[in-house]
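Comments concern the structure below.
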Amino acid sequence: MSVEARIDAIVDEMRGHEKIVVAFSGGVDSAVVAALAFRAVGDRARAVTAVSETLAGRELDEAVQVATEIGIPHETLRFSELDSPDFRQNTTARCFFCQSMRFDHLQVIADRVGASVLASGTNADDVGDDRPGLAAMEARGIYQPLLKHAVAKSEVRDMARALGLSIWDKPAAACLSSRIPHGLEVTHERLKRIELGEDVLHSYGFRHCRVRDHDGLARIEVAPEDLEKVLEPARRDAIVRELKSAGFRRVVVDLCGYRAAGRQ
Amino acid sequence: MTTELTAQEIIAHCASRGVTCERAELDTGVWVLSLAPAPAAVLHRLGVELKAMGARWVTLEVNHER
């Protein structure tokens, strides 16, 4: 099926809903769902970004920008995953607790505006991974059009490009708590220094990167092809200095590097 | 199934690849290596090999003045 045919099929299906609220992180997946919903029902679609400590500030800025680009009405809601002891404990079920809270908050807005569905950007590739957050969505009957139509991540990017979205090739960001190994508590302090640390790497031009927090040890992951760049002495020293200023006690570079899901 | 390596095994493996590893230590579950300068591609290959041998996270110390 062509990209255009997939777009038409999902838009046709969405036209069956009076109002749609889209859980909107500003990533490629939710941006495509938001664009399709806007195409289907116009201003009766609404994108809502759940803002919490696990969403980097730069991601919120991009979400606002992308919603403007799409033209869809956009609003934010604020909540804190850190209110949940189950979330802070950071077990392998962390995403279940996070997504439960997130979608319960989003549902309040969906109810307020009279939306018949609350949609997410889950795609077909997400299902194969171990993602307890999906169970939280399924338990709440969240509408997942990309998953329903078996759209894989690479096809989501094709759709984004066809829809004219500038972020069609944006790297996956994921929640900041994913940088903390399971078993180590998720705290505001850790999330903040991770965000600052990744801001530093972005400022040096690294697109595919992570700063993992091992109790104050910053484990930098960059794409293998960027390893030489991050180890260049002047740049390396500056990065170490800036990450220590952000609150890390030690800075190391992962030799295996970062490889995002779906990248070759 | 892999088993956790020892510092001596890591240092020996680095040497077998022509890279001098002055020190290998575990810090909060992360192997931190002090390595003599080597091309990035060699370092990456070392990391991949050591991971396959059982070291979950293999890193290069980039701050010798901590």
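Residue numbers (our numbering), protein chains in the order written: chain A, 39 to 302; chain B, -9 to 56.
Note that CB positions come from ideal geometry on N, CA and C, so glycine has one too.
This structure is a prediction, so every number in the text was calculated from the model and none was measured.
- When C-beta atoms of the segment -2 to 10 of chain B are compared with those of the segment 230 to 240 of chain A, fewer than three pairs fall below 8 Å, so the two segments do not count as touching.
- Contact check for Ala30 (chain B) and Glu266 (chain A): beta-carbon distance about 4 Å, within the 8 Å limit, so the pair qualifies.
- The C-beta of Gly243 (chain A) comes no closer than 8 Å to any C-beta of chain B.
- By the 16-neighbour rule on beta-carbons within 10 angstroms, Val289 (chain A) is buried.
- If you ignore the 5 residues before and after His220 (chain A), its C-beta comes within less than 8 Å of the C-beta of Asn128, Thr129, Thr130 and Arg132, all in its own chain and listed in chain order.
- Under the 8 Å Cβ criterion, the segment 181 to 197 of chain A does not count as touching the segment 12 to 21 of chain B, having fewer than three qualifying pairs.
- Annotation: the continuous alpha helix (DSSP H) that includes Ala105 (chain A) extends over Gly95 to Ile108.
- For the segment -7 to 11 of chain B, the beta-carbon criterion of a distance under 8 Å to any beta-carbon of chain A is satisfied by none of its residues.
- When the Cα atoms are used, Arg273 (chain A) and Glu259 (chain A) turn out to be separated by approximately 15 Å.
- The alpha carbon of Ala14 (chain B) has as its nearest neighbour, out of B:Pro27, B:Ala45 and B:Ile0, the alpha carbon of B:Ile0.
- Contacts with chain B (Cβ-Cβ distance below 8 Å) from the segment 193 to 217 of chain A involve no residue at all.
- Residue pairing from DSSP leaves Tyr242 (chain A) without any beta-bridge partner.
- Exposed is the label assigned to Ala26 (chain B), since fewer than 16 other Cβ atoms lie within 10 Å of its Cβ.
- In the three-state scheme derived from DSSP, where H, G and I count as helix and E and B as strand, Arg140 (chain A) is classed as helix.
- Separation of the CB atoms of Leu293 (chain A) and His34 (chain B) is rounded to 6 Å, and the pair is thereby assigned contact status at 8 Å.
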